[in-house]
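Numbering (full-length UniProt numbering), first residue to last: 1 to 225.
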């Protein structure tokens, strides 16, 4: 029997142990809000890396929002499941309407979470994309596409839990994929956490502020030495 994670923080700590080989490469951690931020925070803290958010929103099929017809991400990146859209006969105007709504939510979160801080510059960097788990992987596929378009030189996808198929498919998109657990069947990501309470905007802001404060302190110490 595979042991479940107590919560996202524990998932992050257990995931960090599988990412230690990346430490010397000086990567940055990009967490997908909201649930990926507590995981990413623990990874960044354990490895002594900078943390930022990378905001991606699933495009749910109207009336069946749990079914992803694509996703949008920071920077105006859009990934569509054209086959599903054609199969369901979803009009282009409806896809556009859903995409515009989700882009407004991305803009709101960018303003709320960053508190005036500029987005991390991933150009020529190694980026570790972190979430609390992968089911269909639609949002993470969009995140990988967007980060690559931003000029990242190497992209690692890292999650505590994933379906085996999605973890395997992700390797066709990212340069490296680390899935701490890949149970079969997965059923749902939340089933593998004892506490899968929804992460709030306030928790995201607090974790990012703590990380920013720690980075400022480290910079001050280096400058004084």
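Backbone N, C-alpha and C fix where the C-beta goes; we use that ideal spot for every residue, glycine too.
Keep in mind the model is a prediction, meaning the values are calculated, not measured.
Along the alpha helix (DSSP H) that carries residue i, what are the first and last residues, could you check?
| i | result |
| --- | --- |
| residue 106 | 92-114 |
| residue 42 | 36-47 |
Roughly how many angstroms separate the alpha carbons of residue i and residue j, rounded to a whole number?
| i | j | result |
| --- | --- | --- |
| residue 91 | residue 5 | 41 Å |
| residue 143 | residue 129 | 8 Å |
| residue 137 | residue 170 | 8 Å |
| residue 39 | residue 93 | 36 Å |
| residue 15 | residue 162 | 12 Å |
| residue 184 | residue 113 | 35 Å |
| residue 175 | residue 10 | 25 Å |
| residue 159 | residue 104 | 27 Å |
| residue 207 | residue 37 | 8 Å |
| residue 51 | residue 139 | 19 Å |
| residue 210 | residue 83 | 43 Å |
| residue 19 | residue 178 | 8 Å |
Going by beta carbon distance, what residues of the same chain come within less than 8 Å of residue i, once the five residues before and after it are set aside?
| i | result |
| --- | --- |
| residue 74 | 54, 55, 56, 106, 110, 119, 146 |
Please classify residue i: does DSSP put it in a helix, a strand, or coil?
| i | result |
| --- | --- |
| residue 304 | With the chain covering 1 to 225 only, the question about residue 304 has no answer from this structure. |
| residue 163 | coil |
| residue 117 | coil |
| residue 201 | helix |
| residue 130 | strand |
| residue 64 | strand |
| residue 186 | coil |
| residue 84 | helix |
| residue 4 | coil |
| residue 212 | helix |
Less than 7 Å between C-beta atoms, sequence neighbours within five positions excluded: which residues of the same chain meet that for residue i?
| i | result |
| --- | --- |
| residue 13 | 42, 46 |
| residue 225 | With a pLDDT of only 42 at residue 225, under 50, the local geometry of the prediction cannot be trusted, and the value read off the model is given with reservation. If we look at residue 225 and ignore the five residues flanking it on each side, it has no Cβ neighbours. |
Who are the Cβ neighbours of residue i in its own chain at under 6 Å, not counting the five residues just before and after it?
| i | result |
| --- | --- |
| residue 221 | For residue 221, the predicted model reports a pLDDT of 37, less than 50, meaning its position is unreliable and no value from the coordinates is stated. |
| residue 165 | none |
| residue 195 | 7 |
| residue 126 | 25, 27, 154 |
| residue 70 | 59, 79, 80, 81 |
Pull up the DSSP beta-bridge partners for residue i, would you.
| i | result |
| --- | --- |
| residue 57 | 72 |
| residue 31 | 53, 130 |
How is the beta strand (DSSP E) around residue i delimited, first residue to last?
| i | result |
| --- | --- |
| residue 144 | Per DSSP, residue 144 belongs to no beta strand (DSSP E); it is in the alpha helix (DSSP H), 138-149. |
| residue 180 | 176-181 |
At a cut-off of 7 Å, would you count residue i as near the ligand HEM, judging by its Cβ distance to the nearest heavy atom?
| i | result |
| --- | --- |
| residue 25 | Among the components of this structure there are no ligands whatsoever, and the ligand HEM is therefore not found. |
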